[in-house]
Every structure is written in C-alpha cells, then in structure tokens.
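If you count by numbering that gives the first Met the number 0, then the sequence shown holds residues 0 to 747, one letter each, in order.
Note that beta-carbon positions come from the ideal geometry of N, C-alpha and C, so glycine has one too.
Notes to accompany the following structure.
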Amino acid sequence: MSRVAAENQISPFFSMELDDFPRASHGASPSLGQLLKHVGDVRKEATGDGGETPMHHHQVLDMGDESLENPRSLPFVLSFTNLTYSVKIRRKFSLSGMFTGQNNRLGAATLSEPVGGESLFTRSKTLLNDISGEAREGEVLAVLGASGSGKSTLIDALANRIAKGSLKGKVSLNGEVLESRLLKVISAYVMQDDLLFPMLTVEETLMFAAEFRLPRALSKSKKKMRVQALIDQLGLRNAASTIIGDEGHRGVSGGERRRVSIGIDIVHDPIILFLDEPTSGLDSTSAFMVVKVLQRIAQSGSIVVMSVHQPSYRILGLLDRLLFLSRGQTVFSGSPAQLPSYFAEFGRPIPDSENKTEFALDLIRELEGSPGGTQSLVEFNNSWQTMKHSDHYRSATDIRHVVPLQEAISASISRGKLVSGATNNDASPNSMVPTFANPIWIEMAVLARRSMKNSRRMPELFGIRLGAVVVTGFILATMFWNLDNTPKGVQERLGFIAFAMSTTFYTCADALPVFLQERYIFMRETAYNAYRRSSYVLSHSLVALPALVFLSAAFSAITFWAVGLDGGLSGFLFYFLIIFASFWAGSSFVTFLSGVVPHVMLGYTIVVAILAYFLLFSGFFINRNRIPDYWIWFHYMSLVKYPYEAVMQNEFQDPTKCFVRGVQIFDNTPLASVPAALKVKLLGSMSETLGMTITRTTCLTTGSDLLKQQGVTQLSKWNCLWITVAWGFLFRILFYFSLLIGSKNKRR
Numbered sequence: 000m001s002r003v004a005a006e007n008q009i010s011p012f013f014s015m016e017l018d019d020f021p022r023a024s025h026g027a028s029p030s031l032g033q034l035l036k037h038v039g040d041v042r043k044e045a046t047g048d049g050g051e052t053p054m055h056h057h058q059v060l061d062m063g064d065e066s067l068e069n070p071r072s073l074p075f076v077l078s079f080t081n082l083t084y085s086v087k088i089r090r091k092f093s094l095s096g097m098f099t100g101q102n103n104r105l106g107a108a109t110l111s112e113p114v115g116g117e118s119l120f121t122r123s124k125t126l127l128n129d130i131s132g133e134a135r136e137g138e139v140l141a142v143l144g145a146s147g148s149g150k151s152t153l154i155d156a157l158a159n160r161i162a163k164g165s166l167k168g169k170v171s172l173n174g175e176v177l178e179s180r181l182l183k184v185i186s187a188y189v190m191q192d193d194l195l196f197p198m199l200t201v202e203e204t205l206m207f208a209a210e211f212r213l214p215r216a217l218s219k220s221k222k223k224m225r226v227q228a229l230i231d232q233l234g235l236r237n238a239a240s241t242i243i244g245d246e247g248h249r250g251v252s253g254g255e256r257r258r259v260s261i262g263i264d265i266v267h268d269p270i271i272l273f274l275d276e277p278t279s280g281l282d283s284t285s286a287f288m289v290v291k292v293l294q295r296i297a298q299s300g301s302i303v304v305m306s307v308h309q310p311s312y313r314i315l316g317l318l319d320r321l322l323f324l325s326r327g328q329t330v331f332s333g334s335p336a337q338l339p340s341y342f343a344e345f346g347r348p349i350p351d352s353e354n355k356t357e358f359a360l361d362l363i364r365e366l367e368g369s370p371g372g373t374q375s376l377v378e379f380n381n382s383w384q385t386m387k388h389s390d391h392y393r394s395a396t397d398i399r400h401v402v403p404l405q406e407a408i409s410a411s412i413s414r415g416k417l418v419s420g421a422t423n424n425d426a427s428p429n430s431m432v433p434t435f436a437n438p439i440w441i442e443m444a445v446l447a448r449r450s451m452k453n454s455r456r457m458p459e460l461f462g463i464r465l466g467a468v469v470v471t472g473f474i475l476a477t478m479f480w481n482l483d484n485t486p487k488g489v490q491e492r493l494g495f496i497a498f499a500m501s502t503t504f505y506t507c508a509d510a511l512p513v514f515l516q517e518r519y520i521f522m523r524e525t526a527y528n529a530y531r532r533s534s535y536v537l538s539h540s541l542v543a544l545p546a547l548v549f550l551s552a553a554f555s556a557i558t559f560w561a562v563g564l565d566g567g568l569s570g571f572l573f574y575f576l577i578i579f580a581s582f583w584a585g586s587s588f589v590t591f592l593s594g595v596v597p598h599v600m601l602g603y604t605i606v607v608a609i610l611a612y613f614l615l616f617s618g619f620f621i622n623r624n625r626i627p628d629y630w631i632w633f634h635y636m637s638l639v640k641y642p643y644e645a646v647m648q649n650e651f652q653d654p655t656k657c658f659v660r661g662v663q664i665f666d667n668t669p670l671a672s673v674p675a676a677l678k679v680k681l682l683g684s685m686s687e688t689l690g691m692t693i694t695r696t697t698c699l700t701t702g703s704d705l706l707k708q709q710g711v712t713q714l715s716k717w718n719c720l721w722i723t724v725a726w727g728f729l730f731r732i733l734f735y736f737s738l739l740i741g742s743k744n745k746r747r
C-alpha cells in the first residue's frame, strides 16, 4: 500500500473524499490534472483568490496499492540509468618494485603496461559502476553504504554536480533528460557541512533565503508567512530568534542548524531535494527529527534523495526506498520491507533481533573483505531485480503511467509549488520557470542588507581596521610633525608620501578573509541560482564604500594638517580623494586575490609580497628613468605609483614656493657643517664662475624642479587619481571572472 501523506506542510491538500472529484468519461479514476485542478479550486474558495496558501492542514490521501486495476499517475519520477563515473588518480611508485621487479601492488603499478584510458603515471578508478534506479514524488530515497562506497558521488551525479562528459549514463525526470538550467531551478542541494552566517538568527537566515528565491511579485507579508510556516514545519519555532552561532558565539544546536540548512534550500518549495548525509554528526533524536522533516517535505509533493551512513531503526521507518552501494556498485535497491526476503534468498537471513540496515552494512563490509568482494551480492541483486520485474510484478507496474514533464510542472505550479516566479503560460518546461527569481537590483539590495546586518553584529572587525588606520596615521603625524620647506624637509616629505601611500594598501589586506569566509556560502547559493554572481560583486563593492570613505577621512584628517602638507582646503580635499582611491584600489586588489587563493595565510603572503614590489617600482626608491627596460612594465602596473605621484604633485605644484634658498644648497652635503660665513663666500665664488648672482635668499629649487628630479612629469594629478580609481574597477571585474571560473563546484 503506497500513500501520499501531507502533514504540517506548506502547500497542503484539503481533506476531501475521492468521490468528490470529477470522473473521466470512461469512468476511470481522476487524472493528476483533474486532482490538482480540484485542489486548486478548493484552495481558491478558501482564500478568496488563491493567492495565499492555507496554513497547516492534516490530510492523508490514500492513492491505493500498485496492484489495483485502475491506473495511477505518478506526477514526478526521477530516473537514472547506467550511471558510470571514473576519475584518474596518480600511480604510486615503489623503488623496490622498480629495481627488484617484485609483483606487489606498487611495483605492478610501476612495471605493468597501462591499460586503456590510463598512462604510465595515472590510473583510472571507477567511483560509480552502472548504477540505475528511480526516485518518486512523495517518497524518500536513501543511498546507503560504507565510507567510500560512492554515496556522495551518486548524489552529485543526480544533482548535476559532475562536469558534463565525465559522467556516463542518463538522468531524466518523467522520461525527459534534465537540462542543467531547469534542474537548478526546480531542485535544491543541501551540503553535508552547514554553511550559514553565524551572526544571523534562524528567522533572518530563512527570510533572506526567501527574498532571494521568492519573486518580487510576492508581497513582503506573504514571504514572511512562508517563512513562518517553514519555521513551524522544520520544528524551529523555539529557536527562531536565536543566532546560528559558531565557535566564538553560542547559538542553535547541531540538529537545529542542520534543519536551518535544509530550510534555506526548500524555501521555494523545490520539486527535487538532494541531501548529502544530513544526519552526520547528529545524535539519534536530532537525526530522527531531521529525517522526519524530510519525510514531510516529500509528502508535500517533492522527491527527496539523501545519502545516509547508518540509519537507526526509527529512521528506517521513515524511508521509502533504499539503495545500497559497495565500491560504486548496487548491491540492493528496493523498499525497506524487502530487505528480509532479499537477504533470506541470498542465503544470509536477517535475525529478528537485529537492525536491518546494520545487518546489511555489516554483511557488505564482510564481503568487501573477502577474496571475491561483493561481486556475488552484485550479481544476486541483478538477478533479483530481473525477477522482481517479471510478469508478476510487471502486471502491477505497467498500469502506472508517468505524467509528461511539461504537464507535471504546470500542475505543480498551479498547486503552489515552485513559487520562485514560475509561470505556466509558456510551452516548454525550461521556459516555465525563470533562471533567477528576482531582477539584479533586488538581489543587490538583499545582499547589501544581509552584509550590513552581519557587519553590525560584528563591529569588532571594522573597529580593528579603523584602529590600525588611526594608529598608523597617529604615528606618521607625530613622526613627521610640521615639516619645514628646507632640503631636509623635502626628503622627509618624500618619505612620508611614499610610506603613507603604501600603508593605505597594506591596511587593505584586512579585507582578505571577508570573501574567503563566505566563499562556500556563495558557492552553495549561486550553484542553484539564488542570485547572480554579478549581483554579489556589485553589492560587495557598494557595501565596502562607506567603510572606505570613513577610513580615508580619518587618515587624511590625522595626517594632512599635522605633517603640514601644502594646498590648504583644496589640497586637503584632493589628498582625501587620492587616499580614498588608494583604499578603493587596494581593497579591490585584495578582494580579487581572495577569489583566486584558497587559504588566508597563502593570501596574506601573496598580498605582502606583491605590495612590496609595487612600492619598489613606484618611483620613490629609484626614478623611472633609472628602472631597467625589462622591468619598466612593472612600474606602470604598480598601484603605489599613481597615488604617490598624485600626492607629490598636490604637494609641490605651486611654482612660486621655494624649497632650496642660497646656502641651503649645501644641506645634505659634507659642506653642511662649515660655518655660515664660509658658505656665503662659496656662494660668491659660484656666482662669479656661473656669471650670475646667488645670495642667501636666491631660490635655487622650486616644486616644479623637485617633480622633474623625481621623474613625476608624465601624468597630471587628476589623471593619476582616475587611473587609481580605474585600477579598482579593473580588479572588481577580475574578481567577477574569478568567481565565474572558480565557483563551478563540479567534479571533473
């Protein structure tokens, strides 16, 4: 007897008798379309316009046994046939095997000739070997097996997380091959790890997921109703206002965290739900509650496919179909009720006192350790499956027919599923559901709000960065306090400008962990089209700007007046702009690196090294005309070059301001210590030799002369500002491409 039960579900059926449905002209049972149309009509009567989904009604709709003579429609059936997946791994070489020719495992890998598809250095390992089966709407399919049996690989294969071309076989929904775009919209994938923002509450986490996955046409109140109903369905009412938490912040329990992870992926009511070991790491009670939630999700009209390591007796009672794997091969496929007869026919009956799945897994491990492995069980399963689909069983299954995919999706939409902007007006299944639920500006707004809320909950992150900028500015202000316009003052100004500009870039290294901490959350959310990658990049950039403005204002205000830089108010405003542009370019550069490097420590090493090179080639340590031709390209790529030259011109742009007068020409030379009278005589001698009068007050070096000496003549200060800003935009674009290329999240 198979049944479809809707218990505390989001899109429930109302209690009704089957006799109330309209019958077909030939007197047969109603079709799925008629059933769903009747359900939709009743729901519209209950709500007025059908716009709201009634909350929590209990209904058990018995659809009859498969052996009944009347045909029964299956709304959705996910079928997979002959799935085979192999990877190439490096061969292990044995020195003893190479020199002695011993026929051991490593020596054989070294000495034997490579077989087809292999090479001398690699060998092929089959992770999935001709796996077939099906998962139906309203049922929970559990994939079981020991570690390394291929459970997660099979889930990835069904969820299109294996690159096209690497996987052989076919995955279809209602007989039609699933395209990647359609699968992303109608399905959800829950990873084994709970990837959540620790400082958001359970309700906030689900609400943000709803805003991503539910369309703009759905009002805010309806989205909140959906989230509240989901919280009740997941059993999270008592934890709704509790933060998720992490190692440093106390939050929800492990079982609650796992249910939140499931909730954010089912908020749009997907047709297919994939889960990779959702019960791992949980106690028996929490694991049972999680699988109970999955059963409710399946009964609300979804296909649930999950991998599980070793289910308890209670969990086994919630599962509809089991698929046991051993080293990538199927050793059993069927319902839990068939396990005793299966192993009894195999010759290893299950004792009444033992857990069925534990016995099966122990037997599989025992066979894996035997000389013949599990090949005998694989062959028995093949013959058993053939017998099961003999005429006796076929008479019961042939009467069941599967609804065409287009009709099934249309009916699913009409009853309230796939609320992520779907419409049933189009002709093809692919065009019924949009790629993304919301336009790009909505996604940007939601991402920005979530990011700012996270930042407000962890003010210490910005506080540390602000503290670093303020302390650095204070040290520079006190070290270079009120510089004069002497030759020594000029050298000190040059040193201050170079150090200040490079410091702005170094302080941006603090932004490196931001994306690295969010990387896997981003990959999970974008893998199934919660939002666009471009929305994330634009939102990430806009959210960073207010903090950069504040940091720039703080650093500029602390250093400009204290050091005694030139230009007055207009000079200060330009100084602020170039500091802000430097922070922008540095932040963009570090953000781009965070999209490329996998680890924080590696990222810090690369950032420090590259910024050191930027400073070296900026033109401060060595003038542009002294840089070798083969390194001059690095000079123009240096991010420090343009802010440095811009502040130099802002400081020394006044042609009437003098920095070396008369005897000051001897400063910074061995003659600096001779008496002043002797310096005057030396000036007189120089005047006679040069044929011009040089006195104590004669201006010998202006700001323009200093700029020429430093080689700062090619670009104006405003051009340097725009180029610095352009560098920031370029690195943001590169960050986008790094996300586009590096976040495919598929096996090869």
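Exposed unless 16 or more other CB atoms sit within 10 angstroms - verdict on LYS222: Here residue 222 refers to the residue found at position 223 when the sequence shown is read from its first residue. Here LYS222 is buried: its Cβ has 16 or more other Cβ atoms, across all protein chains shown, within 10 Å.
Cutoff 8 Å; reference VAL753; Cβ partners in own chain excluding five residues on either side: With the chain covering only 0 through 747, there is no way to say anything about residue 753.
Reduced DSSP secondary structure (H/G/I, E/B, other) of GLU68: Counting from 1 along the sequence shown, the entry for residue 68 is found at position 69. Here GLU68 scores only 37 on pLDDT, less than 50, and its place in the model should not be relied on; the value that follows carries that caveat. Of the three classes helix, strand and coil, the one that applies to GLU68 here is coil, per DSSP.
Alpha carbon of LYS452 to alpha carbon of ARG531, nearest angstrom: Mapped onto the sequence shown, residue 452 falls at position 453. Mapped onto the sequence shown, residue 531 falls at position 532. LYS452 and ARG531 have their alpha carbons spaced roughly 20 Å apart.
Residue range of the alpha helix (DSSP H) that includes ASN649: Taking the sequence shown and counting its residues from 1, the one referred to as residue 649 is at position 650. Per DSSP, ASN649 is one residue of the alpha helix (DSSP H) stretching across 640-651.
DSSP state of LYS219 mapped onto helix, strand, coil: As a first step, residue 219 must be located in the sequence shown, where it is residue number 220. Reduced to three states, the DSSP call for LYS219 is helix.
Three-state class that DSSP yields for GLU51 in the structure shown: Residue 51 sits at position 52 when you count from the first residue of the sequence shown. Only weak support exists for where GLU51 lies, its pLDDT of 37 falling under 50; the value from the coordinates is given anyway. Taken through DSSP and simplified to helix, strand or coil, GLU51 comes out as coil.
Collapsed DSSP secondary structure at LEU157 in the structure displayed: Numbered from 1 along the sequence shown, position 158 holds the residue referred to as residue 157. LEU157 falls in the helix class under three-state DSSP.
Own chain partners of HIS248 with C-beta closer than 8 Å, once the 5 adjacent residues on each side are dropped: Translated into positions along the sequence shown, residue 248 becomes position 249. In the same chain as HIS248, and ignoring 5 residues on each side of it, the C-beta atoms closer than 8 Å to its own belong to PRO197, MET198, ILE242, in chain order.
Beta bridge counterpart(s) of TYR84 as assigned by DSSP: For the purposes of this step, residue 84 is taken as the residue at position 85 of the sequence shown. Paired residue(s): LEU127, LEU166.
Beta-carbon proximity list for PHE651, same chain, < 6 Å, skipping 5 on both sides: On the sequence shown, position 652 is the one that residue 651 refers to. Closer than 6 Å at Cβ, skipping near neighbours: GLY702, LEU705, LEU706.
Boundaries (first-last residue) of the beta strand (DSSP E) holding THR700: Sequence index remark: in the sequence shown, residue 700 carries index 701 (1-based). Per DSSP, THR700 belongs to the beta strand (DSSP E) from 698-701.
Backbone secondary structure at GLY254 - three-state DSSP: Along the sequence shown, one-based indexing puts residue 254 at 255. Here GLY254 sits in helix by DSSP.
Test item: CB-CB of SER637 and PHE514 under 7 Å: Within the sequence shown, residue 637 is the residue found at index 638, counting from 1. Within the sequence shown, residue 514 is the residue found at index 515, counting from 1. Not closer than 7 Å, so no.
Alpha-carbon to alpha-carbon, SER148 and PHE579: As a position in the sequence shown, residue 579 is number 580, starting the count at 1. As a position in the sequence shown, residue 148 is number 149, starting the count at 1. Distance between the alpha carbons of PHE579 and SER148: 55 Å.
Classification of LYS167 by the beta-carbon crowding that lies within 10 angstroms, buried from 16 upward: Numbered from 1 along the sequence shown, position 168 holds the residue referred to as residue 167. Exposed, since its Cβ has fewer than 16 Cβ neighbours within 10 Å.
First through last residue of the alpha helix (DSSP H) which encompasses THR385: Here residue 385 is taken as the residue at index 386 of the sequence shown, counted from 1. It spans 374-387 - the alpha helix (DSSP H) in which THR385 sits, taken as one unbroken run.
Reference VAL292; option with closest CA among VAL639, ILE463, ILE314: Walking along the sequence shown from the start, residue 292 turns up at place 293. With distances taken between Cα atoms, VAL292 lies closest to ILE314.
Short Cβ contact (7 Å threshold) for SER450 with VAL542: The residue given as residue 450 occupies position 451 in the sequence shown. The residue given as residue 542 occupies position 543 in the sequence shown. Cβ atoms of SER450 and VAL542: closer than 7 Å.
Test item: CB-CB of ALA410 and ASN173 under 7 Å: On the sequence shown, position 411 is the one that residue 410 refers to. On the sequence shown, position 174 is the one that residue 173 refers to. Not closer than 7 Å, so no.
Length-filtered (4 minimum) alpha helix (DSSP H) runs lying within the stretch 446-525: Qualifying alpha helix (DSSP H) stretches, in chain order: 458-478, 486-506.
Nearest residue (CA-CA) to TRP480, options GLY371, VAL595, ALA561, VAL76: By one-based count along the sequence shown, residue 480 stands at place 481. TRP480 has its Cα closest to that of ALA561, out of GLY371, VAL595, ALA561, VAL76.
For ILE242, the three-state DSSP class (helix, strand or coil): Residue 242 sits at position 243 when you count from the first residue of the sequence shown. In the three-state DSSP reduction, ILE242 falls in the strand class (E or B).
Residue from MET190, ALA145, GLU378 whose Cα sits closest to the Cα of GLN309: As a working note, residue 309 is residue 310 in the sequence shown. Of the candidates MET190, ALA145, GLU378, the one whose C-alpha sits nearest the C-alpha of GLN309 is ALA145.
Collapsed DSSP secondary structure at ARG295 in the structure displayed: To locate residue 295, count along the sequence shown from 1; it is residue 296. Helix.
Residues sharing a beta bridge with ASP275, DSSP: Working through the sequence shown from its first residue, we reach residue 275 at position 276. Answer by DSSP bridge pairing, in chain order: SER306.
Residue burial classification, VAL470 (beta-carbon count within 10 angstroms, cutoff 16): Mapped onto the sequence shown, residue 470 falls at position 471. Under the 10 Å beta carbon count, VAL470 is surrounded by fewer than 16 other beta carbons and is classified as exposed.
VAL536 CB to nearest heavy atom of the ligand GDP below 6 Å: The ligand GDP is absent from the structure shown, which contains no ligands of any kind.
Which listed residue (VAL251, ILE263, ILE296, PHE273) has its alpha carbon closest to that of SER285: Along the sequence shown, one-based indexing puts residue 285 at 286. In terms of Cα proximity to SER285, the closest of VAL251, ILE263, ILE296, PHE273 is VAL251.
Simplified DSSP state of GLU44, which is helix, strand or coil: For this step, residue 44 is matched to residue 45 along the sequence shown. In this prediction, GLU44 has a pLDDT of 39, which is less than 50 and means its spatial position is unreliable; nothing more can be read from the coordinates.
From PHE582, THR502, LEU699, SER501, residue whose alpha carbon lies closest to that of SER540: As a working mapping, residue 540 is identified with position 541 in the sequence shown. Minimum Cα distance to SER540 is reached at PHE582.
Inter-residue Cα distance where the pair is VAL142 and ARG518: In the sequence shown, residue 142 corresponds to position 143, counting from 1. In the sequence shown, residue 518 corresponds to position 519, counting from 1. Going by the C-alpha atoms only, they are around 28 Å apart.
DSSP state of THR329 mapped onto helix, strand, coil: Residue 329 sits at position 330 when you count from the first residue of the sequence shown. Three-state DSSP puts THR329 in a strand.
Separation of TYR574 from VAL659, as counted between CA atoms: Here residue 659 refers to the residue found at position 660 of the sequence shown. Here residue 574 refers to the residue found at position 575 of the sequence shown. When rounded, the distance between both Cα atoms is 24 Å.
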